[in-house]
Amino acid sequence: MKKITLFFAMIIALNSYMLAQTTAIPDPNFEQALIDFNIDSDNTLNGQMPTVDANSYTGTLSVPNEGITDLTGIEDFTNITGLNIQYNAGITSLDVTSNTNLTLLNAEGCTSLSTLNIANLTALADINIAGCPVSSLDLSTNTGLAILNVRFMGISELDLSSNVSLVSLDARNNSLVVIDMRNGNNANVTNFRGDFNPGPCIMVDDVTEPNLTTWTIDASSNFYENDIDCPTLSVEEAIKETAFNIYPNPVNNNLFVTIDNAKGSVAVYNITGKQVLRKDLQKGTNTLNMTQLSSGVYLVRIQTADVVETKKLIVQ
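Quick note on numbering: the sequence shown equals residues -20 to -1, 1 to 296 in mature numbering (1 follows the signal peptide of the UniProt record, and there is no 0).
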């Protein structure tokens, strides 16, 4: 009888311990969203939640457009398979390496997200980080990646050579000069958008692969198999020698564009790809009034007779 009593006492003590554990949620908007969606069971805006609530939550955690700036606490949601944080423009960093069951990550429109750690998430199959100014994107350990959206990020290189399951890529409206698709799966790609870039080298397994004819690329882009054949260095040199400049960046009021060519054009796009400003350029300094634009990340596409280049612009 004493053994049975002791056993139940231990169970009660263990349950009490688990219930007493808490996870810090310092962002009040994040915690309020968890309360509103009946995830935080203490139902109190107090900067914390029961860890058991986070551990036991399954499926997709969806908190889009909630004004969240800090996702501290996400590390204890160890059983979620999806995370949707779209349009939380104040988030600057995200580490989901503890969320090892993730298959989907949607951070589109997180226009301050510059640091992203998704290392070793081999189950992560669908990533949408369009419009996120991530400074360094390493996908080499995401071997299960099938769908990738990296539009309007301002990236110049994209290495997908380790992503053997990739079937869909949207890399439009960047500053890409190299996309490495030598992953052995080119024949199975159903969607490839690499257009609106400065004319990148697209590295593939086999330039004679019939499926490449379905891929959408710029007229100035070409497919290559070997690094030595890719004129990346000359492309980069041409860009460096392009006689134009934009300033200031970030911008508050007026954006100045200077060109040495006789003429050209500049267009500004938001993260959805919509053109929000356009101006024909004359030789010298040109002024664009940016005051009508909301704060966020935009892409500026400058075209002259010699080159087309896309630059990332932050409007404050």
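Glycine included, every Cβ here is placed at the ideal spot set by N, Cα and C.
| request: Return the bridge partner residues of residue 226 from the DSSP annotation. | output: 237
| said: Give me the DSSP bridge partner(s) of residue 203. | reply: 182
| task | Return the residue from the list 49, 77, 140 that minimises the CA-CA distance to residue 57. | result | 77
| From 103, 139, 211, pick the residue whose C-alpha is nearest to that of residue 126; which is it? | 103
| message | Check for me: the beta strand (DSSP E) holding residue 282 runs from which residue to which? | response | 276 to 284
| Where does residue 10 land, buried or exposed, given buried means 16+ other C-beta within 10 angstroms? | buried
| query | Rounded to a whole number of angstroms, what is the C-alpha to C-alpha distance between residue 122 and residue 277? | reply | 26 angstroms
| request: Report the partner residues of residue 39 according to the DSSP bridge assignment. | output: 60
| For the beta strand (DSSP E) that residue 30 lies in, which residues bound it at each end? | 28 to 30
| task | Count the other C-beta atoms from every protein chain shown that fall within 10 angstroms of the C-beta of residue 227, then say buried if there are 16 or more, exposed otherwise. | result | exposed
| task | Throw me the rounded Cβ distance for the residue 40 and residue 64 pair, which I believe falls under 8 angstroms. | result | 6 angstroms
| task | Pull up the distance between the alpha-carbon of residue 156 and that of residue 112, whole angstroms please. | result | 15 angstroms
| CA-CA distance, residue 273 and residue 105? | 34 angstroms
| query | Does DSSP put residue 163 in a helix, a strand or coil? | reply | coil
| task | Apply the 10 Å Cβ neighbour rule to residue 135 and answer buried if 16 or more other Cβ atoms are within range, or exposed otherwise. | result | buried
| Is residue 272 helix, strand or coil when you go by DSSP? | coil
| Pairwise C-alpha distance: residue 177 and residue 194 | 18 angstroms
| Applying the criterion that 16 or more other CB atoms from any shown protein chain within 10 Å of the CB defines a buried residue, is residue 264 buried or exposed? | exposed
| task | State buried or exposed for residue 206, treating a residue as buried only when at least 16 other CB atoms are found within 10 Å of its CB. | result | exposed
| What residues match up with residue 108 in a beta bridge as DSSP calls it? | 86, 129
| So residue 137 is in the beta strand (DSSP E); what residue range does that whole segment cover? | 137 to 139
| message | Spatial neighbours of residue 296 within its chain, please: C-beta separation below 8 angstroms, excluding the five flanking residues on both sides. | response | 230, 231, 232, 275
| From the DSSP output, which residues share a beta bridge with residue 257? | 248
| request: From the DSSP output, in three-state form, read off residue 266 for me. | output: strand
| field | Collapsed DSSP secondary structure at residue 332 in the structure displayed | value | The displayed coordinates of the chain run from -20 to 296. Any statement about residue 332 would go beyond what the structure contains.
| Where the beta strand (DSSP E) through residue 152 begins and ends | Where residue 152 is concerned, there is no enclosing beta strand (DSSP E), given that its DSSP letter is neither H nor E.
| message | Spatial neighbours of residue 235 within its chain, please: C-beta separation below 6 angstroms, excluding the five flanking residues on both sides. | response | 268, 270
| query | Is it the case that the Cβ atoms of residue 45 and residue 12 are separated by a distance below 8 angstroms? | reply | no
| request: Rounded to whole angstroms, what's the CA-CA distance from residue 87 to residue 33? Just pull it up for me. | output: 23 angstroms
| request: From the DSSP output, read off the bridge partner residues of residue 4. | output: 28
| said: Buried or exposed, going by whether 16 or more other CB atoms sit within 10 Å of the CB of residue 208? | reply: exposed
| Alpha-carbon to alpha-carbon, residue 185 and residue 255 | 35 angstroms
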